[in-house]
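Using the UniProt record's numbering, you'd call the opening residue of the sequence shown number 1 and step up by one each time.
C-beta atoms are modelled at their ideal positions from N, C-alpha and C, and glycine is treated no differently.
The structure displayed is predicted, hence computed values, not measured ones.
These notes concern the structure reproduced below.
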Amino acid sequence: MTTPSTPAGGKAGQPAEPATRQPGAALPRQAEAEAVAPRPAAPASQSASQAASRPGPQAVSQTTAQAGPQRPFQNRQGLGVTPPKPPEGAREGAQEGARAETKRQPEPAQDPAQEKPEPPQEAAQEKTAQEKTAQELARERRAARARRLAAQSQAKPPALRPQGQPIPVRPMPPAQPAAQPAAQPPARRPAAPVPAPAPAPAQPLRPPARMAEPRRRHWLILGSFLALVVLPSLLWAGYLWLRAEDQYVSTVGFSVRKEQSTPAIDLLGGLAPLASAGGSASDTDILYEYIRSQDMVERIDARLDLRARYARAWPHDFVFAFDPEGHVEELTDYWQRQVKVLYDSGTQLITLKVSAFTAQDAQEIAAAVFQESSDKINALSTIAQDDATRLAKAELDKARAELTETRQAMTAFRMRSQIVDPEADLAGQMGVLSGLQAQLAEALVAHDLLLDNAQPTDHRVTQSQQKIDALRRLIEAERAKFGAEGQG
Numbered sequence: 001m002t003t004p005s006t007p008a009g010g011k012a013g014q015p016a017e018p019a020t021r022q023p024g025a026a027l028p029r030q031a032e033a034e035a036v037a038p039r040p041a042a043p044a045s046q047s048a049s050q051a052a053s054r055p056g057p058q059a060v061s062q063t064t065a066q067a068g069p070q071r072p073f074q075n076r077q078g079l080g081v082t083p084p085k086p087p088e089g090a091r092e093g094a095q096e097g098a099r100a101e102t103k104r105q106p107e108p109a110q111d112p113a114q115e116k117p118e119p120p121q122e123a124a125q126e127k128t129a130q131e132k133t134a135q136e137l138a139r140e141r142r143a144a145r146a147r148r149l150a151a152q153s154q155a156k157p158p159a160l161r162p163q164g165q166p167i168p169v170r171p172m173p174p175a176q177p178a179a180q181p182a183a184q185p186p187a188r189r190p191a192a193p194v195p196a197p198a199p200a201p202a203q204p205l206r207p208p209a210r211m212a213e214p215r216r217r218h219w220l221i222l223g224s225f226l227a228l229v230v231l232p233s234l235l236w237a238g239y240l241w242l243r244a245e246d247q248y249v250s251t252v253g254f255s256v257r258k259e260q261s262t263p264a265i266d267l268l269g270g271l272a273p274l275a276s277a278g279g280s281a282s283d284t285d286i287l288y289e290y291i292r293s294q295d296m297v298e299r300i301d302a303r304l305d306l307r308a309r310y311a312r313a314w315p316h317d318f319v320f321a322f323d324p325e326g327h328v329e330e331l332t333d334y335w336q337r338q339v340k341v342l343y344d345s346g347t348q349l350i351t352l353k354v355s356a357f358t359a360q361d362a363q364e365i366a367a368a369v370f371q372e373s374s375d376k377i378n379a380l381s382t383i384a385q386d387d388a389t390r391l392a393k394a395e396l397d398k399a400r401a402e403l404t405e406t407r408q409a410m411t412a413f414r415m416r417s418q419i420v421d422p423e424a425d426l427a428g429q430m431g432v433l434s435g436l437q438a439q440l441a442e443a444l445v446a447h448d449l450l451l452d453n454a455q456p457t458d459h460r461v462t463q464s465q466q467k468i469d470a471l472r473r474l475i476e477a478e479r480a481k482f483g484a485e486g487q488g
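This is the structure we're talking about:
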């Protein structure tokens with residue numbers, strides 16, 4: 001190293017001119033470090049975090065280095081240039097970072113025996129992060145230095161000194177030992193940072209799907225839909241519009257009522273309405289089945305020629321018209337499709353809807369069905385009345401025969417017993433028997449009272465016993481007249 005020398009002609013108190021460096025002379029390491037301009041201040045949060053992550057003695061040495069005096073910048077050509085002053089914001093940020101690092105107190109170290117070893121994975125991650133931080137700081141310093149050199153070279157070229165004049169070098173103050181912190185317990189090792197979850201691997205982007213093209217199955221599905229749904233619907237709609245004939249509907253409603261009468265069942269009170277309602281419902285069910293039966297079809301066909309009326313649209317409307325060559329069973333099936341019978345059990349009303357190809361045919365068929373239904377109900381009623389009359393006549397004849405026999409038996413009894421009115425005679429006998437039974441009860445009570453006060457050999461006890469025996473004999477004699485033996 002070169003020895004610091006005082007420039008010639010210098011006076012005390014005056015700044016010394018920078019001395020020119022001799023070729024081949026090396027600048028001190030401290031001078032090169034001071035030649036770099038102070039880096040811009042980092043944010044307070046970043047300075048505090050960096051200070052917290054370093055041990056205590058290192059923070060103190062960094063604070064001392066930042067607080068040292070500034071020296072003139074010396075370039076590689078030996079020209080002394082005063083470095084530009086950093087901005088106020090950068091200076092304040094550096095000072096705040098230095099104060100934060102100075103204030104940080106080392107934490108008491110934990111006992112090595114109790115200290116838990118860090119996992120190798122966490123230690124490797126922490127070491128990698130520190131290396132990355134050091135590399136980034138070095139790159140930032142090199143970039144800032146290059147920018148400052150470029151700005152200074154463009155602003156004003158440095159003045160060249162004569163070759164013979166030496167470069168003054170400021171004397172370096174003796175290095176002071178760094179302040180040693182007070183004896184404190186060993187710092188506690190900072191807790192290992194929790195490793196962040198590893199980011200999910202990036203999923204490869206799938207190429208965009210190409211335009212879908214119809215395949216064979218798609219054409220099959222489309223063809224099936226057209227053949228099974230669209231085509232039948234179009235054919236049916238075309239048939240209904242072009243070939244089907246118009247039909248007319250005639251509606252008839254009626255109910256079945258019986259003639260009001262007062263039968264013997266009315267003696268039972270409220271059962272009469274139930275009996276009449278049951279008969280009406282039975283007749284209605286019979287009529288419902290009769291209208292849909294083959295017998296009704298044959299009667300209406302013989303009366304109105306159903307085949308000709310329902311075959312008017314044949315063969316133009318071969319779906320809804322009747323084939324005139326069909327059998328009676330086919331005509332019955334067609335009749336059940338054209339004639340609808342609706343029955344309401346609540347009102348006992350039968351509604352008849354008859355369809356035909358003309359309005360007149362529909363009305364005539366409905367009227368014929370109503371007439372045939374009325375005839376059938378009347379016939380059923382007539383048959384029921386005849387049956388009831390026949391049964392009543394039989395009951396009357398039986399009652400007359402029983403009455404004759406009873407009168408003959410009564411006459412024979414009167415002649416045998418010489419009793420004109422058996423009922424009156426029987427009532428008198430019943431009165432005598434009741435009186436004797438009352439006297440016997442009184443005699444028994446008196447006999448019991450006498451036994452309580454007298455000896456069994458007393459003549460009053462003997463007379464009371466004789467009276468009781470006489471009353472019992474009379475009661476048995478009266479009962480013998482009715483054909484039964486009495487017991488006392």
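> Going by C-alpha distance, which of M410, L471, Q465, D421 is nearest A438?
Replying inline: Out of M410, L471, Q465, D421, L471 has the C-alpha closest to the C-alpha of A438.
> By the 10 Å Cβ neighbour count, where 16 or more other Cβ atoms means buried, how is I377 classified, buried or exposed?
Replying inline: I377 should be labelled buried.
>> Give me, in chain order, the residues of the same chain whose beta-carbon lies closer than 7 Å to that of T284; leave out the 5 immediate sequence neighbours on both sides.
In response: Counting only residues of its own chain and dropping the five nearest sequence neighbours on each side, T284 has a CB closer than 7 Å to the CB of V256, Y343, Q348, I350.
> Going by other Cβ atoms of all chains shown within 10 Å of its Cβ, with 16 needed for buried, is D361 buried or exposed?
Replying inline: Residue environment for D361: buried (at least 16 other C-beta atoms within 10 angstroms of its C-beta).
> Taking all protein chains shown into account, do 16 or more other C-beta atoms lie within 10 angstroms of the C-beta of F413, making it buried, or fewer, making it exposed?
Replying inline: Exposed, because fewer than 16 other Cβ atoms sit within 10 Å of the Cβ of F413.
> So, helix, strand or coil for I221, using DSSP?
Replying inline: It is helical.
>> If you reduce the DSSP assignment to three classes, tell me which class G326 lands in.
In response: Correct three-state label for G326: coil.
> Between the C-alpha atoms of A401 and A392, what's the straight-line distance to the nearest angstrom?
Replying inline: Near 14 Å, if we compare the C-alpha coordinates of A392 and A401.
>> For H218 and A237, what's the separation of their Cα atoms in angstroms?
In response: One alpha carbon belongs to H218, the other to A237, and they sit about 27 Å apart.
> Between the region 221 to 229 and the region 314 to 332, do at least 3 Cβ pairs fall closer than 8 Å?
Replying inline: Too few Cβ pairs lie closer than 8 Å, so no.
> From E478 to T389, what distance separates their C-alpha atoms?
Replying inline: So the alpha carbons of these two residues sit roughly 50 Å apart.
> Does any C-beta atom of chain C lie closer than 8 Å to the C-beta of L471?
Replying inline: This model lacks chain C altogether; it includes just one protein chain.
>> Less than 6 Å between C-beta atoms, sequence neighbours within five positions excluded: which residues of the same chain meet that for K116?
In response: Residue placement at K116 is flagged as unreliable, the pLDDT there being 48, under the threshold of 50; a coordinate-derived value is accordingly withheld.
> What does a CB cutoff of less than 8 Å around I419 pick up in its chain, not counting 5 residues either side in sequence?
Replying inline: Result list for I419: F413, D425, in chain order.
> Is the region 238 to 257 touching the region 353 to 371 in the sense that three or more CB pairs, one from each, lie closer than 8 Å?
Replying inline: These segments touch.
> Counting Cβ pairs closer than 8 Å, one from the region 300 to 318 and one from the region 203 to 215, do we hit at least three?
Replying inline: The region 300 to 318 vs the region 203 to 215: no contact.
>> If distances are taken between C-alpha atoms only, which option among L474, S381, R416 comes closest to S282?
In response: Per the Cα distances, S381.
> Quick one: is Q338 buried, meaning 16 or more other Cβ sit within 10 Å of its Cβ, or exposed?
Replying inline: Result: buried.
> Name the DSSP beta bridge partners of A356, please?
Replying inline: Beta-bridge pairing by DSSP links A356 to Y248.
>> Using the three-state DSSP reduction, which class does F370 fall into: helix, strand or coil?
In response: In the three-state reduction of the DSSP assignment, F370 falls in the helix class.
> Exposed or buried, which one is S417 when buried takes at least 16 other CB atoms within 10 Å?
Replying inline: Exposed: under 16 other Cβ atoms inside 10 Å.
> What number of angstroms, rounded off, separates the C-alpha of F318 from the C-alpha of S345?
Replying inline: Using only the alpha carbons, I get a separation of about 37 Å.
> Which residues in the same chain as L287 place their Cβ atom closer than 8 Å to its Cβ, once the five residues preceding and following it in sequence are excluded?
Replying inline: Its chain contains V256, I350, S373, K376, I377 as the residues whose beta carbon lies nearer than 8 Å to that of L287, once the 5 sequence neighbours on both sides are disregarded; these appear in chain order.
> So the alpha helix (DSSP H) L242 belongs to, where does it begin and stop?
Replying inline: Its alpha helix (DSSP H) spans residues 231 to 242.
> Under 8 Å between the Cβ atoms of V297 and W335?
Replying inline: Yes.
>> Strictly by DSSP, which residues pair up with V339?
In response: Per DSSP, the beta bridge partners of V339 are V354.
> Could you check where the alpha helix (DSSP H) with H459 kicks off and where it finishes?
Replying inline: Start and end: 459 to 481.
> Going along the chain, which residues of its own chain have a beta-carbon closer than 6 Å to the beta-carbon of A124, five neighbours each way excluded?
Replying inline: For A124, there are no CB contacts under 6 Å within the same chain when 5 residues up- and downstream are skipped.
> Can you tell me the Cα-Cα spacing of P422 and L450, whole angstroms?
Replying inline: Computed Cα separation, rounded: 43 Å.
> Going by DSSP, what residues sit across from G253 in a beta bridge?
Replying inline: BP columns for G253 point to T351.
>> Using only the alpha-carbon positions, how far apart do E213 and L226 sit?
In response: In a straight line, the C-alpha of E213 is about 20 Å away from that of L226.
>> Considering only DSSP beta bridges, list what D344 is partnered with.
In response: By DSSP's assignment, D344 forms a beta bridge with L349.
>> I believe Y290 touches A356 by the beta-carbon criterion, under 8 Å. Please report the beta-carbon distance rounded to the nearest angstrom.
In response: The pair is not a contact, with the Cβ atoms about 20 Å apart (cut-off 8 Å).
> Can you tell me whether DSSP reads Q154 as helix, strand or coil?
Replying inline: In this structure, Q154 counts as helix in the three-state DSSP scheme.
>> On the CB-based measure, 16 or more other CB atoms within 10 Å of its CB, does V354 come out buried or exposed?
In response: By the 10 Å Cβ count, V354 comes out buried.
> If we count the other Cβ atoms within 10 Å of its Cβ and call it buried at 16 or more, is A138 buried or exposed?
Replying inline: The residue is exposed, with fewer than 16 neighbouring Cβ atoms inside 10 Å.
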